[in-house]
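In order, the protein sequence lines correspond to chains Z and L. Residue numbering for the first sequence follows this note's numbering, beginning at 195 and increasing consecutively. Residue numbering for the second sequence follows this note's numbering, beginning at 2 and increasing consecutively. Below you'll find the structure, written out as structure tokens, and then a few comments.
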Amino acid sequence: MEIMLRDRRAVLAFVGPALLVYSLIVLVPIVWSLGYTVFEGNVIAGFQFVGFHNYAFLFSDPSFWQALLFTVKYAVVVTIGQVGIGLVLSLLYVFFLGKASGLIRTLVFFPVVLPTVAVAELFKKIFEIVPQYGLVNSLLQLAHLDAWIQPWLGQGGSAFWVIATMDIWRSMGFYAVLLFAGLVDIPGEILESAKVDGASGLRLIRYVVLPLLTPILFSSFIFSINGTLKVFDTVLALTGGGPGQATTPLTLDMFNTAFANGQYGYGSTLATSLAVLSLFVTLLLFRSARSDVA
Amino acid sequence: MSQTLPRQLVDTRKSEDLRVKRRESTRKLFARVPVWVLIGLLLIVVIYPLLWMLLSSFKTSDEFSTGAFWSLPTGLAWQNYVQAWTAGMSTYFLNSMLTVFPSLFLILLISLAASFALEVMKFRGSNFVLLAFLAGIMIPFQMVLLPLFTIYFQTGLINTRWALIITYTAFGLPLSVFLMSGFFKAVSRTVIEAAVIDGANIYQVFFQVALPMVANGIVTIALVNFFFLWNDLLFSLTFISSDNLRTIQVGLLNFSGQYGQVDWGPTFAAVCLAVFPTLVLYLILNQQVIKGLTAGSVKG
Numbered sequence: 195m196e197i198m199l200r201d202r203r204a205v206l207a208f209v210g211p212a213l214l215v216y217s218l219i220v221l222v223p224i225v226w227s228l229g230y231t232v233f234e235g236n237v238i239a240g241f242q243f244v245g246f247h248n249y250a251f252l253f254s255d256p257s258f259w260q261a262l263l264f265t266v267k268y269a270v271v272v273t274i275g276q277v278g279i280g281l282v283l284s285l286l287y288v289f290f291l292g293k294a295s296g297l298i299r300t301l302v303f304f305p306v307v308l309p310t311v312a313v314a315e316l317f318k319k320i321f322e323i324v325p326q327y328g329l330v331n332s333l334l335q336l337a338h339l340d341a342w343i344q345p346w347l348g349q350g351g352s353a354f355w356v357i358a359t360m361d362i363w364r365s366m367g368f369y370a371v372l373l374f375a376g377l378v379d380i381p382g383e384i385l386e387s388a389k390v391d392g393a394s395g396l397r398l399i400r401y402v403v404l405p406l407l408t409p410i411l412f413s414s415f416i417f418s419i420n421g422t423l424k425v426f427d428t429v430l431a432l433t434g435g436g437p438g439q440a441t442t443p444l445t446l447d448m449f450n451t452a453f454a455n456g457q458y459g460y461g462s463t464l465a466t467s468l469a470v471l472s473l474f475v476t477l478l479l480f481r482s483a484r485s486d487v488a
Numbered sequence: 002m003s004q005t006l007p008r009q010l011v012d013t014r015k016s017e018d019l020r021v022k023r024r025e026s027t028r029k030l031f032a033r034v035p036v037w038v039l040i041g042l043l044l045i046v047v048i049y050p051l052l053w054m055l056l057s058s059f060k061t062s063d064e065f066s067t068g069a070f071w072s073l074p075t076g077l078a079w080q081n082y083v084q085a086w087t088a089g090m091s092t093y094f095l096n097s098m099l100t101v102f103p104s105l106f107l108i109l110l111i112s113l114a115a116s117f118a119l120e121v122m123k124f125r126g127s128n129f130v131l132l133a134f135l136a137g138i139m140i141p142f143q144m145v146l147l148p149l150f151t152i153y154f155q156t157g158l159i160n161t162r163w164a165l166i167i168t169y170t171a172f173g174l175p176l177s178v179f180l181m182s183g184f185f186k187a188v189s190r191t192v193i194e195a196a197v198i199d200g201a202n203i204y205q206v207f208f209q210v211a212l213p214m215v216a217n218g219i220v221t222i223a224l225v226n227f228f229f230l231w232n233d234l235l236f237s238l239t240f241i242s243s244d245n246l247r248t249i250q251v252g253l254l255n256f257s258g259q260y261g262q263v264d265w266g267p268t269f270a271a272v273c274l275a276v277f278p279t280l281v282l283y284l285i286l287n288q289q290v291i292k293g294l295t296a297g298s299v300k301g
């Protein structure tokens, strides 16, 4: 038995293919990409060593700062929205719907599995102004709020909120289920004894439920912020980064730099800065969590 | 406490208690009204846009320009679907099938073998290998895009289905290996031991004993990966340039760019077509989908 489970050749046969594909397509390119940051050029025109010029340029590049600002603002707003609404929904499931919540949970989760482009097309039409008014503008017209009718996706300010709304709409059901699982795991006796001690309603939630939910809330935040910092599909499909550069996140900035301008070196530098940003934010969250506990 | 109080006092207390309780329960009922309103609102917000999309896919262009936004279609304008299907969606659909299913097969084959070895077999460095796979979940795809483009360009794989199949397989591995290891962990060791005593070799143990015991896990992995691959935009956008190889998401983006502004009906039909497989899978296997997708996120 032992000998068989330690058979080296069998281990290689089982793990080898996965490790090979994974190393060649994921791990090697990561290192390769880091190498690109000290070069400039592309696969057709050839490469040229430029040292740390790309990093120096990064700090003086206004479109990088604009993209960074958009990315961070977007990540903060959508993370708070997703996890916050998810939390409210999960409390609703547990404390008001009880056993009947299954159907609603399943319905609200559904947009999670929908293709982003499809949802974006839907939202584009909802916020449309020409050739016909979309749902929002039609409702405003119906309510005689004609002054509010506007090209929602044609202006940087409102486009930001449409993008954020769409991503929150899509994924609130996901976080609701995640937090629901955490709430169900809270032992009933704890809630009962808290109720006996006179805690109820919001106070029960604030002082008993939320502290017990902290670990799963924390991982929700980590997961959400890491996802939203990398937003790409939603933006590309809704606004394409426009108008101008108003809704361009780092991912799209990188994509355009690399494939529209043919700058692989600077593109890789932008990608690296995004990876560093996610890592930094994750570590920061972990550190703040630790100091909370201590 | 009641023991120390005179009897009469206790009685009045009791009836008062009852009255208060009754009043509280009616108040509770009323307190629940806003919650029901909230739930109703929630359902409208989630379901109405989807319903509207479906209904709109059956509207003629006249109905769009003259009818109110929320009006129902007067008939079923199937020609929207015909137009969407013939204007490219059929090609995109087929292309997605031809890249997603081979990738799924490869992901399952490779990740099942790897996680079996990592969890059931014993070898030095197994923890390190598992950790290396986990690290892949955190990496932004943008980080590998340019080197992969270069590799595929140099090897002539760019603008072929192989570029997507290889990439999808590699990026499906981290989550699949992670989830599958969990399923293999739950497999009873005594069953494996019994099989070994009966004379099975390690490959027979894997195929005939271990795999049937993680059938649930296999379905979960297949589902989760299907949604990721079917919904992929970035890789397909980067590695495929010719229209007749485009997968469904890029195709949809392209389709609505061409027709979307003027012709809403076929665009909505195209969107519905792209959503259709995910809807069917979700209708049948929603509990497994939910479990699989949420399990992948709580890996902390």
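Using N, Cα and C, we set each Cβ at its ideal position, and we do this for glycine too.
Asked, Found
"In chain order, which continuous runs of the alpha helix (DSSP H) of length 4 or greater are located wholly inside the segment 89 to 156 of chain L?", "91 to 120, 127 to 139, 143 to 156"
"Taking only beta-carbon positions, decide if T310/Z is within less than 8 Å of chain L.", "yes"
"Do you know whose CA, among N450/Z, S295/Z, L372/Z, Y249/Z, lies nearest V232/Z's CA?", "Y249/Z"
"Count the other CB atoms, across all protein chains shown, that sit within 10 Å of the CB of P141/L; report buried if there are 16 or more and exposed otherwise.", "buried"
"Going by DSSP in three states, G266/L sits in which element: helix, strand or coil?", "helix"
"Would you say I298/Z lies against chain L (beta-carbon separation less than 8 Å)?", "yes"
"Is DSSP giving N232/L helix, strand or coil here?", "coil"
"For F59/L and chain Z, any beta-carbon pair shorter than 8 Å?", "no"
"For N236/Z, which of helix, strand or coil comes out of DSSP?", "strand"
"Measuring CA to CA, which of K292/L, L253/L, F179/L, E194/L is closest to I197/Z?", "E194/L"
"Using a Cβ cut-off of 8 Å, pull out every chain Z residue sitting near Y283/L, in sequence order please.", "F304, V307"
"Counting only beta-carbon separations shorter than 8 Å, does T221/L have a partner in chain Z?", "no"
"Which of helix, strand or coil does DSSP assign to Q242/Z?", "strand"
"Just mark Q209/L as buried or exposed, buried being the case when its beta carbon has 16 or more other beta carbons within 10 Å.", "exposed"
"Ignore the nearest five residues each way along the sequence and tell me which others in T273/Z's own chain have a CB closer than 8 Å to its CB.", "F415, S418, I419, T422"
"Between the segment 217 to 225 of chain Z and the segment 117 to 125 of chain L, are three or more C-beta pairs nearer than 8 Å?", "no"
"Going along chain L in order, which residues have a C-beta closer than 9 Å to the C-beta of L286/Z?", "V36, L39, I40, L43"
"Give the range of the alpha helix (DSSP H) segment to which N81/L is assigned.", "80 to 85"
"For T242/Z, which residues in the same chain have their Cβ closer than 7 Å to its Cβ, ignoring the five residues on either side in sequence?", "According to the sequence provided, residue 242/Z is Gln. The question's Thr does not apply to it. So the list reads F233, E234, G235, once near-sequence residues are dropped."
"In whole angstroms, give me the CA-to-CA distance for L316/Z and V188/L.", "44 Å"
"Would you call T5/L buried or exposed, if buried means 16 or more other Cβ atoms sit within 10 Å of its Cβ?", "Here the model assigns T5/L a pLDDT of 45, short of 50, so the residue's position is not dependable, and the following value carries that caveat. So T5/L counts as exposed."
"Roughly how many whole angstroms lie between the Cα atoms of F150/L and Q143/L?", "11 Å"
"I think V225/L touches L253/L, with their Cβ atoms under 8 Å apart; what is that distance to the nearest whole Å?", "The pair is not a contact, with the Cβ atoms about 22 Å apart (cut-off 8 Å)."
"Does DSSP put Y230/Z in a helix, in a strand, or in coil?", "helix"
"Should the segment 366 to 377 of chain Z be regarded as contacting the segment 298 to 315 of chain Z, the criterion being three or more beta carbon pairs within less than 8 Å?", "yes"
"Listing by chain order, which chain L residues have their CB less than 7 Å from the CB of L316/Z?", "P50, M54, V272"
"Could you tell me if L10/L is buried or exposed, where buried requires 16 or more neighbouring beta carbons within 10 angstroms of its beta carbon?", "A caution first: L10/L carries a pLDDT of 49, below 50, which makes its placement in the model unreliable, though a value can still be read off. The residue is exposed, with fewer than 16 neighbouring Cβ atoms inside 10 Å."
"For W226/Z, go through chain L and note every residue whose CB falls closer than 7 Å to its CB, in chain order.", "P148"
"Which residues bound the alpha helix (DSSP H) around W346/Z?", "Unbroken run through W346/Z: none, as it is neither H nor E."
"Quick one: what does DSSP say H247/Z is sitting in, helix, strand or coil?", "helix"
"Helix or strand or just coil, what does DSSP make of Q276/Z?", "helix"
"From the beta carbon of Q326/Z, is the nearest beta carbon of chain L less than 8 Å away?", "yes"
"Report yes if the CB atom of S227/Z is closer than 8 Å to the CB atom of S462/Z, and no otherwise.", "yes"
"Pick out whichever of A164/L, Y82/L, K292/L has its Cα sitting closest to the Cα of T239/L.", "A164/L"
"Interface residues of chain Z around K186/L at Cβ under 8 Å?", "The contacting residues do not exist; K186/L stays about 15 Å from chain Z at best."
"If the cut is a Cβ gap below 7 Å, which residues of chain L does D193/Z touch?", "Since the first residue shown for chain Z is 195 and the last is 488, residue 193/Z is missing from the structure and cannot be characterised."
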